[in-house]
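Report on one structure; see the data block that follows.
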Amino acid sequence: MSVKIIASAAIRGAHKFVDKAEEQMKQAIDKFGAEHEVGFPNTAYYLPIIFGMLGHKVEKLKDMEPVIKRCRLLLPPPVKEKLHLPYLGQVLDAGMSTLFAQEVIESIRYLNEPNFYLQSEDVTDDNIWLGAADDVIMRKRGVEFVDGTAPGFAAIVGSAPTKEIAAEMALELQKK
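Just so we're on the same page, the numbering used here is the position in the sequence shown counted from 1, plus 65.
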(Lines of atoms letter the chains of each structure in order from A and count residues from 1; the text may use other names and numbers.)
(Lines give C-alpha, C1' and ligand atoms only; values in the text may rest on other atoms or scores of the structure.)
Protein backbone atom coordinates (compact mmCIF):
# COMPACT_ATOMS: atom_id res chain seq x y z
CA MET A 1 0.00 0.00 0.00
CA SER A 2 1.47 3.35 -0.98
CA VAL A 3 2.14 6.20 1.41
CA LYS A 4 -0.15 8.42 -0.66
CA ILE A 5 -3.09 6.04 -0.17
CA ILE A 6 -2.55 5.90 3.60
CA ALA A 7 -2.02 9.65 3.92
CA SER A 8 -5.06 10.39 1.75
CA ALA A 9 -7.21 8.06 3.85
CA ALA A 10 -5.99 9.68 7.07
CA ILE A 11 -6.86 13.15 5.78
CA ARG A 12 -10.29 12.03 4.51
CA GLY A 13 -10.98 10.35 7.85
CA ALA A 14 -9.97 13.48 9.75
CA HIS A 15 -12.47 15.52 7.72
CA LYS A 16 -15.23 13.04 8.56
CA PHE A 17 -14.45 13.05 12.29
CA VAL A 18 -14.29 16.84 12.49
CA ASP A 19 -17.62 17.06 10.64
CA LYS A 20 -19.12 14.51 13.05
CA ALA A 21 -17.75 16.33 16.11
CA GLU A 22 -19.11 19.66 14.89
CA GLU A 23 -22.53 18.17 14.18
CA GLN A 24 -22.70 16.44 17.57
CA MET A 25 -21.57 19.62 19.31
CA LYS A 26 -24.34 21.63 17.60
CA GLN A 27 -26.94 18.99 18.49
CA ALA A 28 -25.76 18.90 22.11
CA ILE A 29 -25.93 22.70 22.35
CA ASP A 30 -29.46 22.62 20.91
CA LYS A 31 -30.48 19.87 23.35
CA PHE A 32 -28.66 20.93 26.56
CA GLY A 33 -27.71 24.58 25.99
CA ALA A 34 -24.30 26.18 25.41
CA GLU A 35 -23.71 26.64 29.16
CA HIS A 36 -24.15 22.93 29.96
CA GLU A 37 -21.10 21.45 31.66
CA VAL A 38 -19.17 18.80 29.80
CA GLY A 39 -16.26 16.56 30.70
CA PHE A 40 -15.39 13.08 31.78
CA PRO A 41 -17.23 11.91 34.93
CA ASN A 42 -15.52 11.89 38.32
CA THR A 43 -12.49 13.79 37.07
CA ALA A 44 -10.93 17.06 38.12
CA TYR A 45 -9.24 17.53 34.75
CA TYR A 46 -10.44 19.12 31.53
CA LEU A 47 -10.62 17.19 28.28
CA PRO A 48 -7.02 16.00 28.55
CA ILE A 49 -5.83 15.83 24.94
CA ILE A 50 -7.31 19.21 24.06
CA PHE A 51 -6.02 20.82 27.25
CA GLY A 52 -2.61 19.18 27.00
CA MET A 53 -2.01 20.10 23.37
CA LEU A 54 -3.88 23.40 23.05
CA GLY A 55 -4.00 24.67 26.63
CA HIS A 56 -7.75 25.21 26.11
CA LYS A 57 -10.09 24.41 29.01
CA VAL A 58 -13.31 22.76 27.87
CA GLU A 59 -15.77 23.11 30.74
CA LYS A 60 -19.02 23.85 28.89
CA LEU A 61 -20.39 22.90 25.51
CA LYS A 62 -19.70 26.39 24.19
CA ASP A 63 -16.00 25.86 24.97
CA MET A 64 -15.90 23.26 22.20
CA GLU A 65 -16.54 25.81 19.45
CA PRO A 66 -12.94 27.17 19.38
CA VAL A 67 -11.66 23.58 19.37
CA ILE A 68 -13.69 22.77 16.25
CA LYS A 69 -12.42 25.98 14.64
CA ARG A 70 -8.86 24.94 15.46
CA CYS A 71 -9.54 21.52 13.94
CA ARG A 72 -10.72 23.20 10.75
CA LEU A 73 -7.56 25.33 10.64
CA LEU A 74 -5.39 22.24 11.04
CA LEU A 75 -7.21 20.19 8.39
CA PRO A 76 -5.43 20.10 5.06
CA PRO A 77 -7.55 19.98 1.92
CA PRO A 78 -8.46 16.50 0.71
CA VAL A 79 -5.73 15.00 -1.47
CA LYS A 80 -6.30 15.44 -5.19
CA GLU A 81 -5.67 12.63 -7.65
CA LYS A 82 -2.98 14.63 -9.49
CA LEU A 83 -1.12 15.64 -6.32
CA HIS A 84 2.01 13.56 -6.00
CA LEU A 85 2.05 13.17 -2.22
CA PRO A 86 0.66 15.05 0.77
CA TYR A 87 3.27 16.46 3.09
CA LEU A 88 3.87 14.59 6.34
CA GLY A 89 3.06 17.75 8.30
CA GLN A 90 -0.41 17.85 6.75
CA VAL A 91 -1.03 14.24 7.72
CA LEU A 92 0.13 14.92 11.29
CA ASP A 93 -2.13 17.99 11.48
CA ALA A 94 -5.03 15.84 10.26
CA GLY A 95 -4.19 13.36 13.01
CA MET A 96 -4.28 16.05 15.69
CA SER A 97 -7.62 17.26 14.34
CA THR A 98 -8.90 13.70 14.64
CA LEU A 99 -7.70 13.39 18.25
CA PHE A 100 -9.41 16.66 19.22
CA ALA A 101 -12.61 15.74 17.34
CA GLN A 102 -12.75 12.28 18.94
CA GLU A 103 -12.36 13.78 22.41
CA VAL A 104 -15.27 16.14 21.68
CA ILE A 105 -17.35 13.19 20.43
CA GLU A 106 -16.56 11.05 23.48
CA SER A 107 -17.34 13.80 25.97
CA ILE A 108 -20.70 14.41 24.29
CA ARG A 109 -21.41 10.66 24.46
CA TYR A 110 -21.38 11.00 28.27
CA LEU A 111 -24.20 13.56 27.98
CA ASN A 112 -26.29 11.58 25.51
CA GLU A 113 -25.60 8.07 26.85
CA PRO A 114 -24.64 8.40 30.52
CA ASN A 115 -24.75 4.63 31.10
CA PHE A 116 -22.75 3.65 28.02
CA TYR A 117 -19.59 3.19 30.08
CA LEU A 118 -19.14 1.31 33.34
CA GLN A 119 -19.50 3.32 36.52
CA SER A 120 -16.74 1.24 38.17
CA GLU A 121 -13.85 -1.00 37.19
CA ASP A 122 -15.95 -4.15 37.46
CA VAL A 123 -17.27 -5.58 34.21
CA THR A 124 -20.90 -6.69 34.19
CA ASP A 125 -22.89 -8.91 31.86
CA ASP A 126 -24.52 -5.78 30.46
CA ASN A 127 -21.47 -3.59 30.06
CA ILE A 128 -17.77 -4.05 29.38
CA TRP A 129 -16.80 -0.53 28.26
CA LEU A 130 -14.51 1.31 30.65
CA GLY A 131 -14.44 4.83 29.18
CA ALA A 132 -12.20 7.59 30.49
CA ALA A 133 -10.14 6.80 33.58
CA ASP A 134 -11.62 8.75 36.47
CA ASP A 135 -9.72 10.18 39.43
CA VAL A 136 -10.32 7.08 41.59
CA ILE A 137 -8.73 4.82 38.99
CA MET A 138 -5.89 7.29 38.44
CA ARG A 139 -5.12 7.32 42.17
CA LYS A 140 -5.45 3.54 42.43
CA ARG A 141 -3.23 2.96 39.42
CA GLY A 142 -0.94 5.93 40.08
CA VAL A 143 1.93 3.93 41.52
CA GLU A 144 1.85 1.59 38.52
CA PHE A 145 2.07 4.58 36.17
CA VAL A 146 5.05 5.97 38.08
CA ASP A 147 7.03 2.77 38.62
CA GLY A 148 6.37 1.40 35.13
CA THR A 149 4.43 -1.72 36.15
CA ALA A 150 1.16 -0.62 34.51
CA PRO A 151 0.30 -2.93 31.61
CA GLY A 152 0.63 -1.43 28.17
CA PHE A 153 1.63 -2.06 24.60
CA ALA A 154 3.99 -0.58 22.05
CA ALA A 155 3.31 -0.01 18.38
CA ILE A 156 6.31 0.11 16.09
CA VAL A 157 5.81 1.73 12.71
CA GLY A 158 8.20 0.77 9.95
CA SER A 159 11.07 -1.67 10.06
CA ALA A 160 14.45 -1.59 11.74
CA PRO A 161 17.48 -1.32 9.46
CA THR A 162 18.87 -4.66 10.71
CA LYS A 163 17.68 -7.77 12.51
CA GLU A 164 20.04 -6.97 15.37
CA ILE A 165 18.53 -3.52 15.90
CA ALA A 166 15.02 -5.02 15.77
CA ALA A 167 15.96 -7.58 18.43
CA GLU A 168 17.55 -4.86 20.58
CA MET A 169 14.39 -2.72 20.33
CA ALA A 170 12.19 -5.67 21.32
CA LEU A 171 14.36 -6.48 24.33
CA GLU A 172 14.39 -2.84 25.44
CA LEU A 173 10.60 -2.65 25.22
CA GLN A 174 10.23 -5.83 27.27
CA LYS A 175 12.16 -4.15 30.10
CA LYS A 176 9.70 -1.26 30.32
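Where a beta carbon is used, it is the ideal one built from N, C-alpha and C, also for glycine. These numbers were taken from a predicted model, which means no experiment stands behind them.
With fewer than three CB-CB distances shorter than 8 Å, the segment 150-160 does not count as touching the segment 115-135. Boundaries of the alpha helix (DSSP H) around ALA166: 153-177. Shown here for SER162: same chain residues with a beta carbon closer than 7 Å to its own, the five before and five after excluded, namely ALA79, VAL83, CYS136, LEU139, LEU140 in chain order.
ASP190 and VAL144 have their alpha carbons spaced roughly 44 Å apart.
A distance of 7 Å or more separates the beta carbons of THR108 and ASP212. Assigned with DSSP and collapsed to three states, LYS145 falls in coil, not helix or strand.
Taking a contact as a CB-CB distance under 8 Å, the pair LYS125 and VAL103 counts as one, their CB atoms being some 6 Å apart. With a cutoff of 7 Å on beta-carbon distance, ILE115 and GLU171 are scored as not near each other.
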